[in-house]
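Data first, discussion second: the structure below is written as structure tokens.
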Amino acid sequence: MTYTTFNREHFNATQEPMFFGRNVNVSRYDVQKYPIFEKLIEKQLSFFWRPEEVDLSTDRRDFAALPDHERHIFLSNLKYQTLLDSVQGRSPNVALLPIVSLPELETWIETWAFSETIHSRSYTHIIRNIVTEPARIFDDIVTNEAITKRARDITRYYDALIEGVSLYHQLGEGKHTVNGEDIIISITDLKRRLYLTVVSVNVLEAIRFYVSFACSFAFAERSTMEGNAKIIKLIARDEALHLTGTQHILQLLADGKDDPEMAVIARELKDQARQIFIDAAEQEKDWADYLFRDGSMIGLNRDILGQYVEYITNQRMVAVGFEPAFAIKQNPLPWMNSWLNSDNVQVAPQEVEVSSYLVGQIDSEVQSEDFSNFSL
Amino acid sequence: MAHIVKILEGFSFIPRKELTLLEALEQENVDMEYQCREGFCGSCQVTLVDGEVTYTTDPIAFIPEGKILTCCCQLNSDVTIEIPGGCKMKKHNL
Chain A
15 MTYTTFNREH FNATQEPMFF GRNVNVSRYD VQKYPIFEKL IEKQLSFFWR
65 PEEVDLSTDR RDFAALPDHE RHIFLSNLKY QTLLDSVQGR SPNVALLPIV
115 SLPELETWIE TWAFSETIHS RSYTHIIRNI VTEPARIFDD IVTNEAITKR
165 ARDITRYYDA LIEGVSLYHQ LGEGKHTVNG EDIIISITDL KRRLYLTVVS
215 VNVLEAIRFY VSFACSFAFA ERSTMEGNAK IIKLIARDEA LHLTGTQHIL
265 QLLADGKDDP EMAVIARELK DQARQIFIDA AEQEKDWADY LFRDGSMIGL
315 NRDILGQYVE YITNQRMVAV GFEPAFAIKQ NPLPWMNSWL NSDNVQVAPQ
365 EVEVSSYLVG QIDSEVQSED FSNFSL
Chain B
26 MAHIVKILEG FSFIPRKELT LLEALEQENV DMEYQCREGF CGSCQVTLVD
76 GEVTYTTDPI AFIPEGKILT CCCQLNSDVT IEIPGGCKMK KHNL
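Residue numbers (our numbering), protein chains in the order written: chain A, 15 to 390; chain B, 26 to 119.
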């Protein structure tokens with residue numbers, strides 16, 4: 015079952031499941047099994063932005079004026095965000111493209127991963143601007159215990175899927191001996207790995223990212239590091255779209271119309287999937303301990319961030335049909351909503367860059383009531 | 026014709042008809058979750074217990090059955106909604 019970059023079979027792609035069907039051949043979007051992915055692609059394209067558009071010159075001064083423990087918070091948060099986007103910039107491509115079977119979903123995955131690379135580039139833009147030796151920060155991402163501990167959990171489901179799929183492509187289903195070890199390759203097992211991977215990606219985008227956004231916006235709430243917050247707003251807008259994408263994929267997998275076996279797997283793995291959410295919440299709370307180890311900042315401390323982790327985890331669990339895990343009901347960071355809303359920047363009108371514009375897009379639909387107040 | 030919004034375990038009100046449901050709820054000082062306000066993030070969803078709404082733009086967010094996205098819908102009839110986590114009022118900073 016080797017992967018082929020252009021499947022020469024003649025078949026109707028709309029009859030294929032999302033994953034583990036035939037490899038995609040023609041990238042065509044005239045007929046689509048799930049038009050939602052096309053809508054996601056169009057939305058993502060309309061969001062296109064470049065980090066250099068955001069002016070960070072005041073951030074350099076702001077950063078120099080921060081006390082040491084706040085610099086630790088800011089930089090650690092930035093390192094974590096860099097890690098998350100390093101993973102997300104490549105993993106959807108490496109893990110999902112070899113097994114995807116629908117052209118519109120394939121293109122969504124590519125578009126999605128591409129936008130993550132913009133995020134990675136913006137972290138470099140930020141770091142280059144505030145410190146003289148960016149290398150020290152980037153190097154720490156792979157050596158810092160607090161960060162690598164979390165990297166393991168973020169990547170293990172991806173890695174398990176990638177390993178399984180590459181063995182499958184090489185050897186096919188059945189019992190094999192690889193490096194003296196007996197292994198059994200089955201599509202059902204790969205589908206299980208896929209389901210857990212998508213759940214863990216949803217957790218990454220819907221919980222882990224939002225916790226890091228809270229830290230970024232906490233600085234801007236105090237009118238410091240505002241350029242950074244502007245970039246994070248753009249990133250948050252992209253992430254909201256990505257998490258919608260993974261929620262749709264999870265839902266389509268679970269409802270069984272796409273692939274009946276996936277529905278069975280989703281039911282079987284429900285507890286394990288739920289546990290991924292809960293474990294991530296606990297890790298994020300541990301991370302809060304590390305962030306605030308030398309002291310809190312005005313407006314945000316370990317406890318409040320911990321409550322936010324629980325609150326956002328509940329919300330995300332409910333969104334994909336799981337029972338919430340924590341008791342908290344009220345958002346402990348009420349200012350998050352207005353920061354997350356990307357069109358909420360108040361600037362002079364001549365300086366406004368409306369952040370969601372569609373090039374060449376007009377509403378050309380005219381109804382007869384549009385002329386209702388016309389008279390001849 | 027004006028329609029009535031009834032919030033379960035909350036109160037009822039008549040919104041101005043040009044507002045989206047989210048805007049109408051905010052005008053009544055209900056503390057609502059939101060992020061994108063244009064139908065792709067899914068933060069502002071509530072349960073539609075009774076009644077009917079129309080979407081002003083097609084939502085992209087995943088909306089489970091029985092839920093509606095308040096940022097991009099308007100009322101078609103009297104509606105009863107349930108806000109996740111209950112109907113909480115905004116605290117005012119004085």
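Just so it is clear, CB atoms sit at the ideal spot from N, CA and C, and this is done for glycine as well. Bear in mind that the values here come from a model prediction, so they are computed numbers and not experimental data.
Whole-angstrom C-beta distance between residue j and residue i, which should lie under 8 Å
i: Val78(B); j: Cys98(B); result: 4 Å
i: Ser234(A); j: Tyr172(A); result: First, the amino acid is wrong: residue 234(A) is Ala here, not Ser. Rounded, the Cβ-Cβ distance is 32 Å, inconsistent with contact.
i: Pro40(B); j: Val55(B); result: The pair is not a contact, with the Cβ atoms about 11 Å apart (cut-off 8 Å).
i: Val332(A); j: Pro109(B); result: 7 Å
i: Tyr43(A); j: Glu124(A); result: No, Tyr43(A) and Glu124(A) are not in contact; Cβ-Cβ is about 13 Å, not under 8 Å.
i: Ser115(A); j: Phe62(A); result: Not a contact, Cβ separation roughly 27 Å.
i: Ser100(A); j: Ile245(A); result: Incorrect: roughly 16 Å between the Cβ atoms, too far for contact.
i: Glu275(A); j: Thr202(A); result: 7 Å
i: Lys53(A); j: Ile85(B); result: 5 Å
Backbone CA spacing between residue i and residue j [nearest angstrom]
i: Thr96(A); j: Ser134(A); result: 6 Å
i: Val323(A); j: Leu185(A); result: 42 Å
i: Ser90(A); j: Asp153(A); result: 12 Å
i: Met32(A); j: Glu84(A); result: 45 Å
i: Ser226(A); j: Trp353(A); result: 13 Å
i: Glu23(A); j: Tyr182(A); result: 20 Å
i: Cys112(B); j: Glu219(A); result: 27 Å
i: Val215(A); j: Leu44(B); result: 35 Å
i: Ile326(A); j: Val217(A); result: 10 Å
i: Gln364(A); j: Glu67(A); result: Reliability fails at Gln364(A), whose pLDDT of 45 lies under 50, so the model's placement of it is uncertain and no value is given.
i: Ser120(B); j: Asp83(B); result: A query on residue 120(B) cannot be resolved here, the shown segment of chain B reaching from 26 to 119 and no further.
i: Ile132(A); j: Glu107(B); result: 38 Å
i: Trp349(A); j: Cys229(A); result: 12 Å
i: Gln29(A); j: Ser129(A); result: 29 Å
i: Ser382(A); j: Leu390(A); result: 15 Å
i: Lys189(A); j: Ile279(A); result: 22 Å
i: Val384(A); j: Ile50(A); result: In the sequence as displayed, the identity of residue 384(A) is Asp instead of Val. Those two C-alpha atoms are separated by around 29 Å.
i: Arg236(A); j: Ile312(A); result: 8 Å
i: Pro65(A); j: Phe36(B); result: 45 Å
i: Thr16(A); j: Arg222(A); result: 35 Å
i: Ala339(A); j: Ile292(A); result: 7 Å
i: Gln289(A); j: Phe87(B); result: 22 Å
i: Ile5(A); j: Leu347(A); result: An answer regarding residue 5(A) cannot be provided, because it is not within the stretch 15 to 390 covered by chain A.
i: Ala362(A); j: Ser41(A); result: Only weak support exists for where Ala362(A) lies, its pLDDT of 44 falling under 50; the value from the coordinates is given anyway. Cα-Cα distance, rounded: 43 Å.
i: Ile414(A); j: Val380(A); result: No information on residue 414(A) is available, as it lies outside the stretch 15 to 390 that chain A covers here.
Secondary structure of residue i, DSSP reduced to three states
i: Ile50(A); result: helix
i: Leu70(A); result: coil
i: Tyr17(A); result: coil
i: Thr121(A); result: helix
i: Met114(B); result: strand
i: Glu10(A); result: Outside the shown range of chain A, which is 15 to 390, sits residue 10(A), and nothing can be said about it.
i: Cys98(B); result: strand
i: Ser43(A); result: Correcting the residue type first, residue 43(A) is Tyr in the shown sequence and not Ser. Note: Tyr43(A) maps to coil in three-state DSSP.
i: Gln286(A); result: helix
i: Ile197(A); result: strand
i: Asp75(B); result: strand
i: Thr82(B); result: coil
i: His24(A); result: coil
i: Ser226(A); result: helix
i: Glu240(A); result: helix
i: Phe33(A); result: strand
i: Glu235(A); result: helix
i: Ser115(A); result: coil
i: Ile88(B); result: coil
i: Lys31(B); result: strand
i: Thr105(B); result: strand
i: Val101(A); result: helix
Entirely enclosed alpha helix (DSSP H) segments - the region 312-347 of chain A, minimum 4 residues
If we require 4 residues or more, the alpha helix (DSSP H) runs fully inside the region 312-347 of chain A come out as 316-333.
Are there three or more Cβ pairs, one per stretch, closer than 8 Å when the region 101-114 of chain B is compared with the region 65-78 of chain B?
A contact exists between the region 101-114 of chain B and the region 65-78 of chain B.
Quick check: the region 139-149 of chain A against the region 164-182 of chain A, are at least 3 beta-carbon pairs closer than 8 Å?
Touching, no, given that fewer than three Cβ pairs across the two stretches are closer than 8 Å.
Segment contact, 8 Å Cβ cut-off, at least three pairs: the region 50-61 of chain B with the region 233-248 of chain A
No, the region 50-61 of chain B does not touch the region 233-248 of chain A.
The region 52-68 of chain B / the region 247-259 of chain A touching (three or more Cβ pairs under 8 Å)
Pairwise C-beta distances place the region 52-68 of chain B in contact with the region 247-259 of chain A, as three or more of them are shorter than 8 Å.
Is it the case that the region 174-184 of chain A contacts the region 283-293 of chain A, given that we only count it when at least three CB pairs across the two stretches are under 8 Å?
Too few Cβ pairs lie closer than 8 Å, so no.
Inspect the CB distances between the region 252-270 of chain A and the region 293-300 of chain A and report whether three or more fall short of 8 Å.
no
What runs of the alpha helix (DSSP H), each 4 residues or longer, lie entirely inside the region 124-189 of chain A?
Fully enclosed alpha helix (DSSP H) runs of 4 or longer: 148-157 and 159-185.
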